[in-house]
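Asks: Pasting in a structure now, in structure tokens, and then I'll have a few things to ask.
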Amino acid sequence: MIDTHNKTLNASYDADERYKMWEQYRNDISQFITKVSLIGKSVLIVGAGNLNDIELKIFESCQVTLLDIDVESVERGILRQGFSLDEFTLIEGDLTGLNHTVFFEKLDETTTESLEAFKEVEIDIHLETYDMIVVLPIYTQLLLPQLVKLNLTYEGLNIYLPLIQNRIEKVNTLLRNHIIDNGYMVVLSDVLEYNARSEEGQYLNANRYQNIILEEFYNSYLDNFGHGLGSYGIYEMNHYCRTVFKDFFVWPFDQKRIMLIEAQIMKKNSD
490 MIDTHNKTLN
500 ASYDADERYK
510 MWEQYRNDIS
520 QFITKVSLIG
530 KSVLIVGAGN
540 LNDIELKIFE
550 SCQVTLLDID
560 VESVERGILR
570 QGFSLDEFTL
580 IEGDLTGLNH
590 TVFFEKLDET
600 TTESLEAFKE
610 VEIDIHLETY
620 DMIVVLPIYT
630 QLLLPQLVKL
640 NLTYEGLNIY
650 LPLIQNRIEK
660 VNTLLRNHII
670 DNGYMVVLSD
680 VLEYNARSEE
690 GQYLNANRYQ
700 NIILEEFYNS
710 YLDNFGHGLG
720 SYGIYEMNHY
730 CRTVFKDFFV
740 WPFDQKRIML
750 IEAQIMKKNS
760 D
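In the working numbering, the protein residues as written are 490 to 760.
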């Protein structure tokens, strides 16, 4: 279910066109990552997808592993950026851990109690240990898009939120277990989304390089509404890693949507 959904999604738009459209955003994100030295590092990029939101050239001196459930899209992304496939290690993996369970087959029988069993499912992905892990925006993509496609009501979705939160925690734990002590954890997450023509969307776009204004806007939202799934992923990671650099970016996702991205470079705390 999840692998099919992601492959269908990645094939549903013109990836070459989006690559061009996201050029400035991609450059901004890549420049942020280079705030720390990348020379000679082993790097894992999580949620690589079509690689439209990160420049591979900044990792030319690194040993890079790319993780995604749709490796065909990753391969096309590598070639799009002018690299050869043999320069990278690719891992196909489901970050929810639920792709090969009966989770989606039993949705019509879902209860709060039945979901508890799925919280125990581990994420079965074999990873090495890395000097740096880059987490592209994935937290809002863990189960939620697949459930939305089923046309569930708002109340119907609510029952799944504790499980999605659990999946976020499982992902973060997996990644922390595969980074060296004092290694760099770079986390990017879409924390807010607006219609590009809305008052909020236009405000974000007008202040895209005013980090203080963007952070104040975001903090005001948190004060009023609390954490969403995107911000929870960073919040949870902050309990185990200390922030070294933090910034906000405006992501013009498409003609209709604009997103606020929180980006943090953290260091894993020594045990």
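Every residue gets a Cβ at the ideal spot worked out from N, C-alpha and C, and that includes glycine.
Buried or exposed: where does S759 fall if 16 or more other Cβ atoms within 10 Å of its Cβ makes it buried?
Replies: exposed
Asks: Does any C-beta atom of chain B lie closer than 7 Å to the C-beta of I580?
Replies: Included in the structure is just one protein chain, with no chain B present.
Asks: Can you check which of these residues, V623, F592 and N588, is closest to E544 by C-alpha distance?
Replies: V623
Asks: How far does the beta strand (DSSP E) with F572 in it extend, from its first residue to its last?
Replies: First-last for F572: undefined, no H or E at that position.
Asks: Counting C-beta neighbours from all protein chains within 10 Å, is the total for K509 16 or more, i.e. buried, or is it exposed?
Replies: exposed
Asks: Indicate whether V675 and G719 have their beta-carbon atoms separated by less than 7 Å.
Replies: Result no, Cβ atoms of V675 and G719 do not sit closer than 7 Å.
Asks: State yes or no: is the C-beta of A752 within less than 7 Å of the C-beta of L677?
Replies: yes
Asks: When burial is assigned at 16 or more other CB atoms within 10 Å of the CB, is L574 buried or exposed?
Replies: Exposed, since its Cβ has fewer than 16 Cβ neighbours within 10 Å.
Asks: Check for me: the alpha helix (DSSP H) holding Q630 runs from which residue to which?
Replies: In the DSSP annotation of this structure, Q630 is not part of any alpha helix (DSSP H), being labelled neither H nor E.
Asks: Given N541, which residues of its chain have a CB within under 6 Å of its CB, disregarding the five upstream and five downstream residues?
Replies: Within the same chain, Cβ atoms closer than 6 Å to the Cβ of N541 are found at R507, Y508 and W511, the five residues on either side in sequence being excluded.
Asks: Assign A752 to one of three DSSP states: helix, strand, or coil.
Replies: DSSP places A752 in strand when its eight states are reduced to three.
Asks: Out of curiosity, what's the CA-to-CA distance linking L556 and E581?
Replies: 6 Å
Asks: What residue range is occupied by the uninterrupted alpha helix (DSSP H) comprising E605?
Replies: E605: member of the alpha helix (DSSP H) spanning T601 to F607, first to last residue.
Asks: Distance check for I612 and S709, CA to CA, integer angstroms please.
Replies: 35 Å
Asks: Can you tell me whether L656 is buried or exposed, with buried defined as 16 or more other CB within 10 angstroms of its CB?
Replies: Here residue 656 is Arg; the residue named in the question, Leu, does not match the sequence. When all chains shown are included, R656 counts as buried.
Asks: In angstroms with no decimal places, state the Cα-to-Cα distance between Y707 and R731.
Replies: 20 Å
Asks: May I ask you to check if the CB of D503 is nearer than 6 Å to at least one heavy atom of the ligand PLP?
Replies: Absence of the ligand PLP from the depicted structure is noted, as is the absence of any ligand whatsoever, leaving it without description.
Asks: Does the Cβ of R697 have 16 or more other Cβ atoms within 10 Å, making it buried, or fewer, making it exposed?
Replies: buried
Asks: Count the C-beta pairs between the region 589-600 and the region 664-671 that are closer than 8 Å, then say yes if the count reaches three, no if not.
Replies: no
Asks: Using CA coordinates, which residue listed in T599, I648 and V660 is at the minimum distance from L616?
Replies: V660
Asks: Hey, how far is the Cα of T642 from the Cα of T599?
Replies: 14 Å
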